[in-house]
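Colleague: Dumping the structure here so I can ask a few things about it.
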Amino acid sequence: MKILIVLAILAVFVAVTSASGCDKLQRLKVKSQWARAYSEGHDREDFSQAIWRAIFAQVPDARALFKRVGGDDTNSGDFVAHSLRVLAGLDIVISLLDQPEALQAELSHLQKQHDSRHIPDNYFAAFRLALGHVLPAQLGRCWDKKAWSDCFEVIAHGVQGH
Amino acid sequence: MTISSSKMLRLVVLLVLAAFCAAQEGRSHCCSAEDRNIVQKQWSVLWHDTESSKVKSGFARLILLKLVEKKPEAKALFANVDIDHPLGGAFTAHSVRIINAIDMAINLLDNQEALDSALDHLADQHHARAGVKKEHFTAFAEIFAEALPKILDDYDNMAWKSCFEGFYGKISGKLDA
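As they're listed, the protein sequences go chains A and B.
Residue numbering for the first sequence follows UniProt numbering, beginning at 1 and increasing consecutively.
Residue numbering for the second sequence follows UniProt numbering, beginning at 1 and increasing consecutively.
So, in structure tokens, the structure goes:
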């Protein structure tokens, strides 16, 4: 009986730890692949444009959320600035993936910034799908889909707060 | 060949106007295309390693701690990001946030319109924090300019100075004091 309980607890523990995904090695992989994709200067602007166009193509209604920051024209200075701000936030959490305490602090900071904006879950899904297409386009073969989807989940949950 | 006095007058007016514009639009006159190139290139050296977040947080942490050493009254402004525990998660994340804002501005140097918009947003964020003063930015600028050449082997003082003057001016532009 006792052994059964221990086994059951062990089974639950294994299930929980493996289901959470985004382990240490995946985090390192995501970090290094992100650094390459994020790039710099004009390339970064193009990378960001591609992501936002892919988002708006999926959920055109999402543009309304970005009216104040030039969302009607993704080429406008205001929108380029905003889109890079968002990617800079993503850059912070990705680069902190291996510093759990600081990662948590940044995720709750981002959560606070997003809370008041009432962003539906499907917009986060659109962001995830956009990343899932633009990243491999940018990186070619050296892109680990599983690592990204596991770690993006950690990030999205942190920002959404659920 | 002689120039008539009316032509001379027109030339003088034009020159004064040009000088005025140059003073107004400091960035297009200073921070030239080549200056921007140099700054971007020299800055990018810091990010080539995967562990750039350790570099980012460490560097920004040192600068902020130096800032509050120089301007002790500014320390209270960072209370909500737990400056009393500079190695803790909250302050580490905040340090990375600041360095990333600088990184964003540098990477937008060749898109003036977007850069202005980004700096304007940062100005709003600092305006919203009561107690932040222009002199804090002056102190930050001095510390930053002293620190950079310590971590960058290649550092062009004039290029950095001319491009960063515009940054600080804009970010602190909405502060009352």
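For every residue, glycine included, the Cβ atom is placed at its ideal position computed from N, Cα and C.
A quick note: this is a predicted structure, and the numbers were derived from the prediction, not measured.
Going by C-alpha distance, which of A:Asp-72, A:Asp-115 and A:Ser-48 is nearest A:Cys-162?
Modeller: Sequence index remark: in the first sequence, residue 162 of chain A carries index 162 (1-based). One point to set straight first is that residue 162 of chain A is His, not Cys, in the sequence displayed. Among A:Asp-72, A:Asp-115 and A:Ser-48, the Cα nearest to that of A:His-162 belongs to A:Asp-115.
Colleague: What runs of the alpha helix (DSSP H), each 4 residues or longer, lie entirely inside the region 42-113 of chain A?
Modeller: Within the region 42-113 of chain A, the complete alpha helix (DSSP H) runs of at least 4 residues are 77-95.
Colleague: Go through its chain and collect everything with a Cβ distance to B:Gly-67's Cβ below 8 angstroms, but skip five positions before and after it.
Modeller: Position 67 of the second sequence holds residue 67 of chain B. Going by the sequence as given, residue 67 of chain B is Leu instead of Gly. Ala-74, His-136, Ala-139, Phe-140 and Ile-143.
Colleague: Is the separation between the beta-carbon of A:His-42 and that of B:Asp-110 shorter than 8 angstroms?
Modeller: Numbered from 1 along the first sequence, position 42 holds the residue referred to as residue 42 of chain A. Numbered from 1 along the second sequence, position 110 holds the residue referred to as residue 110 of chain B. For A:His-42 and B:Asp-110, yes; Cβs fall inside 8 angstroms.
Colleague: Could you tell me if A:Ala-137 is buried or exposed, where buried requires 16 or more neighbouring beta carbons within 10 angstroms of its beta carbon?
Modeller: Counting from one through the first sequence, the residue named residue 137 of chain A turns up at place 137. By the neighbour-count rule (16 or more Cβ atoms within 10 Å), A:Ala-137 is not buried but exposed.
Colleague: From B:Leu-46 to B:Leu-9, what does the alpha carbon distance come to, in whole angstroms?
Modeller: By 1-based counting over the second sequence, the position of residue 46 of chain B is 46. By 1-based counting over the second sequence, the position of residue 9 of chain B is 9. Computed Cα separation, rounded: 52 angstroms.
Colleague: So is A:Lys-31 in contact with chain B if we call contact Cβ pairs under 8 angstroms?
Modeller: As a working note, residue 31 of chain A is residue 31 in the first sequence. Chain B contact via Cβ: present.
Colleague: Answer yes or no: does any C-beta atom of chain A fall closer than 8 angstroms to that of B:Thr-50?
Modeller: Position 50 of the second sequence, counting from 1, holds the residue named residue 50 of chain B. At least one chain A Cβ lies under 8 angstroms of B:Thr-50.
Colleague: Assuming A:Ala-130 and A:Ala-62 form a contact by the criterion Cβ under 8 angstroms, report the distance between their Cβ atoms to the nearest whole angstrom.
Modeller: Taking the first sequence and counting its residues from 1, one reaches residue 130 of chain A at position 130. Taking the first sequence and counting its residues from 1, one reaches residue 62 of chain A at position 62. In fact, because the Cβ distance is near 11 angstroms, the residues do not count as touching under 8 angstroms.
Colleague: Express the C-alpha separation of B:Val-55 and B:Val-39 in angstroms, rounding to a whole number.
Modeller: As a first step, residue 39 of chain B is located in the second sequence; it is residue number 39 there, counting from the start. As a first step, residue 55 of chain B is located in the second sequence; it is residue number 55 there, counting from the start. Answer to the nearest angstrom: the Cα atoms are 18 angstroms apart.
Colleague: Assess contact between the region 34-50 of chain A and the region 106-125 of chain A, defined as three or more Cβ pairs (one per stretch) separated by less than 8 angstroms. Is contact present?
Modeller: Judged by Cβ distances under 8 angstroms, the region 34-50 of chain A makes no contact with the region 106-125 of chain A, as fewer than three pairs qualify.
Colleague: Three or more C-beta pairs closer than 8 angstroms, one from the region 64-84 of chain A and one from the region 145-161 of chain A: is that the case here?
Modeller: No: the two stretches stay apart, fewer than three of their Cβ pairs being nearer than 8 angstroms.
Colleague: Thinking just about the alpha-carbon of each residue, which of A:Ile-94, A:Leu-97, A:Gln-49 and A:Gly-89 is nearest to the one in A:Gly-70?
Modeller: One-based indexing of the first sequence puts residue 70 of chain A at position 70. Minimum Cα distance to A:Gly-70 is reached at A:Gln-49.
Colleague: Might you give, ordered along the chain, the residues of its own chain that have their beta carbon closer than 8 angstroms to the beta carbon of B:Lys-161, omitting 5 neighbours on each side?
Modeller: Counting from 1 along the second sequence, the entry for residue 161 of chain B is found at position 161. Excluding residues within five positions, the ones whose Cβ falls inside 8 angstroms are Ala-145.
Colleague: What residues of chain B sit near A:Asp-44, judged by a beta carbon separation below 7 angstroms?
Modeller: Reading the first sequence from its first residue, position 44 is the one you call residue 44 of chain A. As written in the sequence, residue 44 of chain A is Arg, which differs from the Asp given in the question. Those are Asn-107, listed as they occur along chain B.
Colleague: For B:Val-113, would you say it is in contact with chain A, using Cβ-to-Cβ distances shorter than 8 angstroms as the test?
Modeller: The sequence position of residue 113 of chain B within the second sequence is 113, counting from 1. Going by the sequence as given, residue 113 of chain B is Glu instead of Val. Closer than 8 angstroms to some Cβ of chain A, the Cβ of B:Glu-113 qualifies, so yes.
Colleague: Counting only Cβ pairs nearer than 9 angstroms, list the residues of chain B close to A:Ala-37.
Modeller: Locating residue 37 of chain A in the first sequence gives position 37, counting from the first residue. What A:Ala-37 touches in chain B: nothing, since even the nearest Cβ is about 13 angstroms away.
Colleague: Can you pull the chain A neighbours of B:Ser-32, defined as C-beta to C-beta under 9 angstroms?
Modeller: In the second sequence, counting from the first residue as 1, residue 32 of chain B sits at position 32. The premise fails here: B:Ser-32 is roughly 16 angstroms from chain A at the closest Cβ pair, so nothing lies under 9 angstroms.
Colleague: May I ask you to report which of helix, strand or coil DSSP gives B:Leu-108?
Modeller: Sequence index remark: in the second sequence, residue 108 of chain B carries index 108 (1-based). B:Leu-108: coil per DSSP, three-state reduction.
Colleague: Could you tell me how far apart the beta carbons of B:Ile-151 and B:Phe-59 are, in whole angstroms, since I believe they sit closer than 8 angstroms?
Modeller: Locating residue 151 of chain B in the second sequence gives position 151, counting from the first residue. Locating residue 59 of chain B in the second sequence gives position 59, counting from the first residue. Confirmed, about 7 angstroms.
Colleague: Our contact map puts A:Val-59 next to A:Ala-126 with C-beta atoms below 8 angstroms; I'd like the distance itself, whole angstroms only.
Modeller: Walking along the first sequence from the start, residue 59 of chain A turns up at place 59. Walking along the first sequence from the start, residue 126 of chain A turns up at place 126. So it is a contact: roughly 5 angstroms between Cβ atoms.
Colleague: Just the Cα atoms here: how many angstroms apart are B:Val-12 and B:Ser-5?
Modeller: Walking along the second sequence from the start, residue 12 of chain B turns up at place 12. Walking along the second sequence from the start, residue 5 of chain B turns up at place 5. In a straight line, the C-alpha of B:Val-12 is about 10 angstroms away from that of B:Ser-5.
Colleague: Report all residues from its chain with a CB closer than 7 angstroms to the CB of A:Ile-103; omit the five preceding and five following residues, and keep chain order.
Modeller: Residue numbering aside, residue 103 of chain A sits at position 103 when the first sequence is read from its first letter. Here residue 103 of chain A turns out to be Leu, not Ile, going by the sequence shown. Contacts found: Val-93, Leu-96 and Leu-97.
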